[in-house]
Amino acid sequence: MPAEVGGLLPFVQAGVFGPAEVHAAAAIAGQGGGHGGSLWPDERVVLAAALAVWAPLHGHACIDLDTVVEAVAEAEAFESADRVADELPGNVSSLPWPDPKVWRRALVASSTVRVAHHVDPEPVLDDHPLVLSGTLLYTQRQWVDECMVATTLRRLADAVANDVSPTSLELLNRLLPDERVHAGSQYAAAHTALTSRLSVIVGGPGTGKTYTISCLLAALAAGAPERPPRIGLAAPTGKAAARMTDAVAYLGSAGLGVDLPDGVADLLAGVTAVTVHRLLGPRPDHRTRFKHDQRNPLPYDVIVVDETSMLPLSLMARLLEAVPESARLVLVGDPDQLRSIDAGAVIGDVVRAADAPGAPLHRNVVRLTTQHRTGVSSPIGPLAEAIRRGRADDVLHLLRRGDAEERLVFVEVDEPSAPRERSGDPTRPPWPGAHALGAVRDAVGDAFAAARDAAQRGESAIALDEISQVRILCAHRRGPAGVAMWNHHVESWLLDDPDVRFREYSGRAVLATRNDPRTGIVNGDAGVLVRMSRPDGTAGALRAVFRRGDAVRDFAPAELDEMDTAFAVTIHKSQGSEYDTVVVVHPPSDSPLIARELLYTAATRASRRLVIVGSAESIRRAVETPTRRVTGLVPALR
Numbered sequence: 019m020p021a022e023v024g025g026l027l028p029f030v031q032a033g034v035f036g037p038a039e040v041h042a043a044a045a046i047a048g049q050g051g052g053h054g055g056s057l058w059p060d061e062r063v064v065l066a067a068a069l070a071v072w073a074p075l076h077g078h079a080c081i082d083l084d085t086v087v088e089a090v091a092e093a094e095a096f097e098s099a100d101r102v103a104d105e106l107p108g109n110v111s112s113l114p115w116p117d118p119k120v121w122r123r124a125l126v127a128s129s130t131v132r133v134a135h136h137v138d139p140e141p142v143l144d145d146h147p148l149v150l151s152g153t154l155l156y157t158q159r160q161w162v163d164e165c166m167v168a169t170t171l172r173r174l175a176d177a178v179a180n181d182v183s184p185t186s187l188e189l190l191n192r193l194l195p196d197e198r199v200h201a202g203s204q205y206a207a208a209h210t211a212l213t214s215r216l217s218v219i220v221g222g223p224g225t226g227k228t229y230t231i232s233c234l235l236a237a238l239a240a241g242a243p244e245r246p247p248r249i250g251l252a253a254p255t256g257k258a259a260a261r262m263t264d265a266v267a268y269l270g271s272a273g274l275g276v277d278l279p280d281g282v283a284d285l286l287a288g289v290t291a292v293t294v295h296r297l298l299g300p301r302p303d304h305r306t307r308f309k310h311d312q313r314n315p316l317p318y319d320v321i322v323v324d325e326t327s328m329l330p331l332s333l334m335a336r337l338l339e340a341v342p343e344s345a346r347l348v349l350v351g352d353p354d355q356l357r358s359i360d361a362g363a364v365i366g367d368v369v370r371a372a373d374a375p376g377a378p379l380h381r382n383v384v385r386l387t388t389q390h391r392t393g394v395s396s397p398i399g400p401l402a403e404a405i406r407r408g409r410a411d412d413v414l415h416l417l418r419r420g421d422a423e424e425r426l427v428f429v430e431v432d433e434p435s436a437p438r439e440r441s442g443d444p445t446r447p448p449w450p451g452a453h454a455l456g457a458v459r460d461a462v463g464d465a466f467a468a469a470r471d472a473a474q475r476g477e478s479a480i481a482l483d484e485i486s487q488v489r490i491l492c493a494h495r496r497g498p499a500g501v502a503m504w505n506h507h508v509e510s511w512l513l514d515d516p517d518v519r520f521r522e523y524s525g526r527a528v529l530a531t532r533n534d535p536r537t538g539i540v541n542g543d544a545g546v547l548v549r550m551s552r553p554d555g556t557a558g559a560l561r562a563v564f565r566r567g568d569a570v571r572d573f574a575p576a577e578l579d580e581m582d583t584a585f586a587v588t589i590h591k592s593q594g595s596e597y598d599t600v601v602v603v604h605p606p607s608d609s610p611l612i613a614r615e616l617l618y619t620a621a622t623r624a625s626r627r628l629v630i631v632g633s634a635e636s637i638r639r640a641v642e643t644p645t646r647r648v649t650g651l652v653p654a655l656r
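Heads up: the sequence shown begins at 19 in our numbering, then just goes up one per residue.
Here it is, written out as structure tokens:
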């Protein structure tokens, strides 16, 4: 511990701060010097500096002096979810927290803090490492990024696209002829994107976001046949970018259901989505800056970014810096899904800021409301909407009622009655119990067994089809409700030799966990191990098989950087995926991972059948517990 920040020691011992926060606070303290004639800096300012650095490491853009104790306690509980007992943090609430009013006065008096009374329209880096806005304390970098995002979005929202061709409007009317009657329609979303510099298209899975974007791009291309629009498509991850490329190309080749003008289908088929990092152009000499910025804008007429709920504040700021003066920007996503791993909740903040009819961004945000994936008769759509709106009674009613076709099944279990049930005491039946294990096996066992049979016969395409139909989703990685345990359960159902799971075997569902430029496999790609057949019909080598577009590609397992067993995966890993049948193993009600967005994301991965295993208490707590991200973006946008 540097001597000048010795007051942080109790927070370090409680597990709140690590080396990053301690040494950053020491650097800030050294810059500010002592206070009131003392050789040592004010301990309240040092603590605030450490917390301002702590915030973006835990998903927040800033800290709120009035609620920081609760935010730290929540973060520490969340991070302890998969720890063993001797790794658990200390009692956060008993730490020496300053009174918020006294704390704020100390910050205002400090030479390390700049006090901001409103959003900086042209934020600049100065010699104040911390910025205080009301009760919100930022590092200067987070403040600059938030100001950049708020200012640029409001500027784009005020601008009008003045190059709308009548031909574009005519094609849009033909593509979406029956969608003009209500505000939450695909036509309304596409028309907003056609006529505005900024449009934000949000909606749950299966509401037609990608179809809407394809119609928009077709309309823009039809309106400028001599100079087709330069299109930039991007997503936060390689998996999401590949899925977007395939979807737009497929819709283009299918003609979107009408006779497209010459060249339009070819343009859609030829567009390739990339990651946002690749779109901006990484710089080998700088980790957080890119080739494209204010001085070197992106070379596109329309920029579409999918899955923006996964886009953190810092990357959104770099993207907005690089948007050309005349370009359209279309942000697409589901604000009710899990937030970005890094700091911020930009798309959710944008939607909340635009809620009021008189808000500056109100006309730029369109929420798609019609469910196309599961169908109007499916109970999954109403369940997801009840979760999204935080209606716990409705959620439990829908789960317990189910439906006659068993498209929605609630395997209601009791809460674990003792901690040893969660640690796998061999003298007790494992939680959630034999009944739940049987229900899960009934839901997924046949598909996994069919995939294994096909993999043993060397039938790659069939094995992939079978394995991609079903998935078990868990919040935890470890424990009875965790991924490792449920992968073990599935392997015990599939394999005669219990020790074979420690080796590679045919029929093993796998998930790539790292982008691999050598093979083209990206983080999140799902595949299966297949025993290939030799020309003489005998069993050959084991290969890892993945589907890339319409093609099936196979690799030696040793060629791939990293793969995990994936009969069961975490809900975070499943984000952006779709399965015919999903089993959600919901954690007990005292799990710190429980949150509304987690349950909503898990439930909306299912296109046909959803099975939820959990207690009524845990489901209720999840629906009533939205994830909190501390930012100042909503008032800044308003």
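Just so it is clear, CB atoms sit at the ideal spot from N, CA and C, and this is done for glycine as well.
What does residue 581 pair with, by DSSP beta-bridge criteria? Your numbering for residue 581 matches position 563 in the sequence shown. Answer is 530, bridged to residue 581.
Drop a sphere of 10 angstroms on the beta-carbon of residue 16, count the other beta-carbons inside from all chains shown, and report buried for 16 or more, exposed for fewer. The requested residue 16 does not occur in the structure, where the chain is confined to residues 19 to 656.
Measuring straight from C-alpha to C-alpha, what distance separates residue 535 and residue 63? Looking up residue 535 in the sequence shown gives position 517. Looking up residue 63 in the sequence shown gives position 45. When rounded, the distance between both Cα atoms is 45 Å.
Roughly how many angstroms lie between the CA atoms of residue 222 and residue 399, to the nearest whole one? Indexing the sequence shown from 1 puts residue 222 at position 204. Indexing the sequence shown from 1 puts residue 399 at position 381. Taking the straight line joining both Cα atoms gives about 9 Å.
When the Cα of residue 259 is compared with those of 165, 326 and 388, which residue comes out closest? On the sequence shown, position 241 is the one that residue 259 refers to. Closest by alpha carbon: 326.
Of the residues 216, 250 and 590, which one's Cα is nearest the Cα of residue 232? Position 214 of the sequence shown, counting from 1, holds the residue named residue 232. Per the Cα distances, 250.
Any chance you could list the beta strand (DSSP E) runs of at least 3 consecutive residues sitting entirely within the segment 364-445, in chain order? Listed in chain order, they are 383-385 and 426-430.
To which residues of the same chain is residue 385 closer than 7 Å at the C-beta, ignoring the five residues directly before and after it? Residue mapping note: residue 385 aligns to position 367 of the sequence shown, counting from 1. The answer, listed in chain order, is 202, 220 and 221.
Throw me the rounded Cβ distance for the residue 512 and residue 563 pair, which I believe falls under 8 Å. Residue numbering aside, residue 512 sits at position 494 when the sequence shown is read from its first letter. Residue numbering aside, residue 563 sits at position 545 when the sequence shown is read from its first letter. With a Cβ gap of about 17 Å, residue 512 and residue 563 do not count as contacting.
Between the CA atoms of residue 468 and residue 561 - distance to the nearest angstrom: As a working mapping, residue 561 is identified with position 543 in the sequence shown. As a working mapping, residue 468 is identified with position 450 in the sequence shown. Cα to Cα, the separation comes out at about 18 Å.
Cβ separation of residue 454 and residue 431, assumed to be a contact under 8 Å, to the nearest whole Å: For the purposes of this step, residue 454 is identified with residue 436 of the sequence shown, where counting begins at 1. For the purposes of this step, residue 431 is identified with residue 413 of the sequence shown, where counting begins at 1. The pair is a contact, with the Cβ atoms about 5 Å apart (cut-off 8 Å).
Hey, residue 350 and residue 324: beta-carbon distance below 8 Å or not? On the sequence shown, residue 350 is found 332 positions in, with the first residue counted as 1. On the sequence shown, residue 324 is found 306 positions in, with the first residue counted as 1. Cβ distance < 8 Å, so residue 350 and residue 324 count as in contact.
Can you tell me which of the three DSSP states residue 165 falls into? Residue numbering aside, residue 165 sits at position 147 when the sequence shown is read from its first letter. In this structure, residue 165 counts as helix in the three-state DSSP scheme.
Hey, could you find the ends of the beta strand (DSSP E) residue 574 is sitting in? Sequence index remark: in the sequence shown, residue 574 carries index 556 (1-based). From DSSP, residue 574 is part of no beta strand (DSSP E); its letter is neither H nor E.
Name the DSSP beta bridge partners of residue 492, please? Within the sequence shown, the letter at position 474 stands for residue 492. Answer is 588 and 603, bridged to residue 492.
Under the DSSP definition of a beta bridge, which residues are partnered with residue 82? Looking up residue 82 in the sequence shown gives position 64. Residue 82 pairs with 154.
Mark residue 407 as exposed unless 16 or more other C-beta atoms lie within 10 angstroms of its C-beta, in which case mark it buried. Counting from one through the sequence shown, the residue named residue 407 turns up at place 389. It is exposed - the Cβ of residue 407 has fewer than 16 other Cβ atoms within 10 Å.
Classify residue 27: buried if its beta carbon has 16 or more other beta carbons within 10 angstroms, exposed otherwise. The residue labelled residue 27 in the question sits at position 9 within the sequence shown. That one is exposed.
Can you give the Cα-Cα distance for residue 96 and residue 90, rounded to whole angstroms? Taking the sequence shown and counting its residues from 1, the one referred to as residue 96 is at position 78. Taking the sequence shown and counting its residues from 1, the one referred to as residue 90 is at position 72. Cα to Cα, the separation comes out at about 10 Å.
Out of 66, 125, 655 and 22, which one is the CA nearest neighbour of residue 376? Numbered from 1 along the sequence shown, position 358 holds the residue referred to as residue 376. Comparing Cα positions, the closest option is 655.
Whether or not the segment 577-593 and the segment 485-494 are in contact is what I'm after, with contact meaning three or more pairs of Cβ atoms, one per stretch, closer than 8 Å; do they touch? yes
Return helix, strand or coil for residue 545, following the three-state DSSP convention. Counting from one through the sequence shown, the residue named residue 545 turns up at place 527. If DSSP states are grouped into helix, strand and coil, residue 545 belongs with the strands.
Out of 292, 272, 294 and 291, state which residue places its alpha-carbon closest to the alpha-carbon of residue 284. Within the sequence shown, residue 284 is the residue found at index 266, counting from 1. Answer by Cα proximity: 272.
Rounded to the nearest angstrom, what separates residue 8 and residue 79 at their Cα positions? This structure cannot settle anything about residue 8, because the visible part of the chain is limited to 19 through 656.
Cβ separation of residue 228 and residue 276, assumed to be a contact under 8 Å, to the nearest whole Å: Mapped onto the sequence shown, residue 228 falls at position 210. Mapped onto the sequence shown, residue 276 falls at position 258. Rounded, the Cβ-Cβ distance is 17 Å, inconsistent with contact.
Identify every run of the alpha helix (DSSP H) within the segment 121-150, keeping only runs that are complete inside it and at least 4 residues long; order them along the chain. none
Look up residue 647 in the DSSP assignment and say whether it is helix, strand or coil. Your numbering for residue 647 matches position 629 in the sequence shown. Residue 647: coil per DSSP, three-state reduction.
Using 10 angstroms around the beta-carbon of residue 163, count the other beta-carbons present and answer buried if the total reaches 16, otherwise exposed. Taking the sequence shown and counting its residues from 1, one reaches residue 163 at position 145. Of the other Cβ atoms in all chains shown, 16 or more fall within 10 Å of the Cβ of residue 163; this residue is therefore buried.
Residue from 88, 204, 24 and 168 with nearest C-alpha to residue 389: Walking along the sequence shown from the start, residue 389 turns up at place 371. Taking residue 389 as reference, the option from 88, 204, 24 and 168 with the minimal CA-CA separation is 204.
Can you list, in chain order, the residues of its chain whose CB lies under 6 Å from that of residue 105, leaving out five sequence neighbours each side? Position 87 of the sequence shown, counted from the start, is the residue given in the question as residue 105. For residue 105, the predicted structure reports a pLDDT of 49, less than 50, and the residue's modelled location is therefore unreliable. A value from the coordinates is still provided. Here the set comprises nothing.
Out of 352, 156 and 184, which has the shortest C-alpha to C-alpha gap to residue 86? Along the sequence shown, one-based indexing puts residue 86 at 68. Checking every option, the nearest Cα to that of residue 86 belongs to 156.
Simplified DSSP state of residue 35, which is helix, strand or coil: Position 17 of the sequence shown, counting from 1, holds the residue named residue 35. Reduced to three states, the DSSP call for residue 35 is coil.
Look at the alpha carbon of residue 336 and the alpha carbon of residue 214, and state the distance between them as a whole number of angstroms. Here residue 336 corresponds to residue number 318 of the sequence shown, with the count starting at 1. Here residue 214 corresponds to residue number 196 of the sequence shown, with the count starting at 1. Residue 336 and residue 214: Cα-Cα distance of roughly 21 Å.
Residue 627 and residue 598: beta carbons closer than 8 Å? Residue numbering aside, residue 627 sits at position 609 when the sequence shown is read from its first letter. Residue numbering aside, residue 598 sits at position 580 when the sequence shown is read from its first letter. The answer is yes: Cβ separation under 8 Å.
Need the endpoints of the beta strand (DSSP E) that residue 305 sits in, please. Locating residue 305 in the sequence shown gives position 287, where the first residue counts as 1. Taken as a continuous stretch (DSSP letters only), the beta strand (DSSP E) holding residue 305 covers 304-308.
Return the first residue and the last residue of the beta strand (DSSP E) that residue 323 is part of. Position 305 of the sequence shown holds residue 323. From DSSP, the beta strand (DSSP E) with residue 323 extends over 320-323.
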